[in-house]
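Visitor: Sharing a structure here in structure tokens format.
In the working numbering, the protein residues as written are 4 to 268.
What follows is the structure in structure tokens.
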């Protein structure tokens with residue numbers, strides 16, 4: 004598919020549809036790579052998607068679908084100010100009633116969840132850059148302002164987990180879940196903490212919840228295998244790793260685990 008879209012972009016450089024298809028394909032590639040914990044490759048795909056969107060947004064006349072999909076791209080990248088600008092432009096450009104309604108819903112949700120508060124972005128950026136103490140300080144400031152918003156508690160948990168404060172991190176993730184968090188990442192992060200605390204049954208339950216949300220998430224399946232191996236269930240662990248390879252035959256981590264289990268078998 005990538006070769007086809009690239010060829011179409013080359014043949015029809017002034018036509019936005021093939022370039023948008025290519026941007027969406029790049030985003031899908033990035034998602035799959037992140038599930039495989041290939042962060043550097045995923046970032047490269049996101050960079051290519053960004054270049055597609057940058058070209059699309061410079062086209063005249065404006066191509067409304069590009070604004071819509073670019074807005075979601077920037078939501079995912081936590082560039083909420085940019086996303087708001089694009090959603091607002093899309094609403095003014097588009098006559099697609101369903102997508103306009105969806106854009107308005109997302110704008111309201113961003114407002115209600117505090118994503119437009121600069122404190123949230125500062126906390127996220129600090130943690131992502133490895134400055135967890137500064138990120139935790141900002142995250143706690145955010146939950147002080149928005150105590151009933153789950154995403155702030157996720158940031159608190161994420162910072163604490165990266166600092167090795169397992170119990171405090173687990174408590175923050177539990178708070179996020181109690182406030183409505185149903186994200187795979189929340190349950191996966193909670194499982195990491197529970198594993199370090201030695202509560203393997205709780206860790207397994209958290210990973211199984213994550214898997215019910217995304218049944219083909221390779222990262223979660225591999226983590227279930229790693230947990231099974233850690234608790235002495237080598238056969239079950241191999242089953243998880245092999246299942247991961249059925250979904251993605253190129254997953255390096257699953258292959259490494261199979262080799263590790265074999266070496267210790």
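Positions of the beta carbon are idealized from the N, C-alpha and C atoms, including for glycine.
1) Would the beta-carbon of residue 135 fall within 8 Å of that of residue 162?
2) By how many angstroms is the C-alpha of residue 86 removed from the C-alpha of residue 77?
3) What residue range is occupied by the uninterrupted alpha helix (DSSP H) comprising residue 313?
4) Return helix, strand or coil for residue 102, following the three-state DSSP convention.
5) If you measure between the beta carbons of residue 197 and residue 209, is that distance less than 8 Å?
6) On the DSSP letters alone, give me the boundaries of the alpha helix (DSSP H) that residue 81 sits inside.
7) Between the alpha carbons of residue 243 and residue 265, how many angstroms are there, rounded?
8) If you follow the alpha helix (DSSP H) that residue 126 is in, where does it begin and where does it stop?
9) What number of angstroms, rounded off, separates the C-alpha of residue 107 from the C-alpha of residue 183?
10) Since residue 55 contacts residue 89 with CB under 8 Å, what's their CB separation in whole angstroms?
11) Drop a sphere of 10 angstroms on the beta-carbon of residue 151, count the other beta-carbons inside from all chains shown, and report buried for 16 or more, exposed for fewer.
12) Look at residue 251 and residue 39 and say whether their C-beta atoms are less than 8 Å apart.
13) Is it buried or exposed for residue 167, if we count other Cβ within 10 angstroms and need 16 for buried?
14) Only counting the same chain, and skipping five residues up and downstream in sequence, which positions put a Cβ closer than 6 Å to that of residue 221?
15) Which residue from 262, 126 and 216 puts its Cα closest to that of residue 228?
16) Tell me whether residue 181 sits in a helix, a strand or coil according to DSSP, three-state version.
17) Looking only at C-alpha atoms, which of 207, 154 and 117 sits nearest to residue 186?
18) For residue 249, report the span of its alpha helix (DSSP H) as first-last.
19) Would you identify the three-state DSSP class for residue 256, choosing helix, strand or coil?
20) Would residue 104 be called buried (16 or more neighbouring beta carbons within 10 Å of its own) or exposed?
21) Using only alpha-carbon positions, find the residue among 205, 179, 149 and 102 that is nearest to residue 72.
Guide: Looking at the coordinates:
1) In contact: residue 135 and residue 162 (Cβ atoms closer than 8 Å).
2) Between the alpha carbons of residue 77 and residue 86 lies a distance of about 5 Å.
3) Outside the displayed range of the chain (4 to 268) lies residue 313, so it cannot be described from this structure.
4) Secondary structure of residue 102 (DSSP, three-state): helix.
5) Closer than 8 Å, so yes.
6) Unbroken run through residue 81: none, as it is neither H nor E.
7) If you draw a straight line from the Cα of residue 243 to the Cα of residue 265, it is about 14 Å long.
8) 121–131 is the span of the alpha helix (DSSP H), which, as asked, contains residue 126.
9) Each residue's Cα considered, the two are about 21 Å apart.
10) 14 Å between Cβ atoms; not a contact.
11) Per the 10 Å Cβ criterion, exposed.
12) Going by C-beta atoms, residue 251 is nearer than 8 Å to residue 39.
13) Exposed.
14) Here the set comprises 38, 39, 247, 250, 251 and 254.
15) Closest by alpha carbon: 262.
16) Here residue 181 sits in helix by DSSP.
17) For residue 186, the nearest C-alpha among the options comes from 154.
18) Unbroken alpha helix (DSSP H) run through residue 249: 237–250.
19) Secondary structure at residue 256: helix, using DSSP grouped into helix, strand and coil.
20) So residue 104 counts as exposed.
21) For the options 205, 179, 149 and 102, the alpha carbon positioned closest to that of residue 72 is the one of 102.
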